[in-house]
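As you go down the protein sequences, you meet chains P and U in turn. Heads up: the first sequence runs through residues 1 to 116, numbered per this note's numbering. Heads up: the second sequence runs through residues 1001 to 1111, numbered per this note's numbering. Ideal placement from N, C-alpha and C gives every residue a C-beta, glycine not left out. These figures come from a predicted structure and were not determined experimentally. Data first, discussion second: the structure below is written as structure tokens.
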Amino acid sequence: NAGVTQTPKFQVLKTGQSMTLQCAQDMNHNSMYWYRQDPGMGLRLIYYSASEGTTDKGEVPNGYNVSRLNKREFSLRLESAAPSQTSVYFCASSVPVAGTSTDTQYFGPGTRLTVL
Amino acid sequence: RKEVEQDPGPFNVPEGATVAFNCTYSNSASQSFFWYRQDCRKEPKLLMSVYSSGNEDGRFTAQLNRASQYISLLIRDSKLSDSATYLCVVPGEDAGNMLTFGGGTRLMVKP
């Protein structure tokens, strides 16, 4: 049981290049998320997917697109990378907490992206 | 008030000390709360969940004060390995199961 996996671990892009960050989970979770984390700041939600076939914008969606390919996989695409997108990107999946309306989230190891 | 607010620290404490962090939140309807631990350059990992007044797990105690809208994390007998950033996490004010993460409190335990 690998949990949440992400590829690549590191990436350097030039301004204007595109790339896709991959995320997969083997815990049979319905919900998946993409966050970015910048120095000194909390995790900020980019996009999420409550179930296979659905995606919704989070707090900072501009410049990103996502695809929920199947229940296991949720990818994040940067169409035209900008230096402001230099960050650490975390994927997460979640399971509902019994008796509450809240989920517990489990994170992948992150992708460190630098845009020059 | 920000949705989730934490003192960024760092808290520098000697081994064996007891240290406590507070976290304030704005969503009075929140029912579940979490503390995550994040080591340098690693992903956040769930440390504790808090659903009622509090929760205890070994050296770690989380307490909830609904009236004042804050949760606290107490670490007793600090170890060098406790050095990390501790993230306070609460349900967001938007609909759904979204969580809002605090900026984290950095703890450094010294020999």
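DSSP places glutamine 1063 of chain U in the strand class (E or B) of the three-state scheme. By alpha-carbon distance to leucine 1047 of chain U, the top candidate from P:Thr111, P:Phe107, P:Glu79 is P:Phe107. Glutamine 1006 of chain U has its alpha-carbon roughly 29 Å from the corresponding atom of threonine 5 of chain P. If you draw a straight line from the Cα of leucine 1074 of chain U to the Cα of threonine 15 of chain P, it is about 45 Å long. Taking 9 Å as the threshold, the shortest C-beta distance from aspartate 103 of chain P to chain U falls below it. The three-state reading of DSSP puts proline 39 of chain P in coil, since its state is none of H, G, I, E or B. In the three-state reduction of the DSSP assignment, proline 109 of chain P falls in the coil class.
Take the alpha-carbon of proline 83 of chain P and the one of asparagine 1055 of chain U: they are about 42 Å apart. With respect to chain U, the C-beta atom of glycine 58 of chain P has a partner C-beta closer than 9 Å.
For tyrosine 64 of chain P, the enclosing beta strand (DSSP E) stretches over residues 64–68. In this structure, DSSP gives leucine 13 of chain P an extended state, which the three-state scheme calls strand. Beyond the five residues adjoining it in sequence on each side, alanine 1020 of chain U comes within less than 6 Å, by CB distance, of Ser1072, Leu1074 in the same chain, given in chain order. For the segment 1041–1058 of chain U, the set of positions with a beta-carbon nearer than 9 Å to some beta-carbon of chain P reads Arg1041, Lys1042, Glu1043, Pro1044, Lys1045, Leu1046, Ser1049, Tyr1051 in chain order. Proximity of chain P to leucine 1073 of chain U at the Cβ level (cut-off 7 Å) is not reached, the minimal Cβ distance being about 16 Å. Those residues of the segment 1020–1036 of chain U placed with their C-beta closer than 9 Å to a C-beta in chain P are Ser1030, Gln1031, Ser1032, Phe1033, Phe1034, Tyr1036, ordered along the chain. In the DSSP assignment, arginine 77 of chain P falls within the beta strand (DSSP E) that extends over 74–78. Beta-bridge pairing by DSSP links lysine 57 of chain P to P:Tyr47.
Taking the CA atoms as reference points, valine 1013 of chain U sits about 6 Å from lysine 1110 of chain U. Three or more Cβ pairs closer than 8 Å define a contact, and the segment 1021–1038 of chain U meets that threshold against the segment 1086–1093 of chain U.
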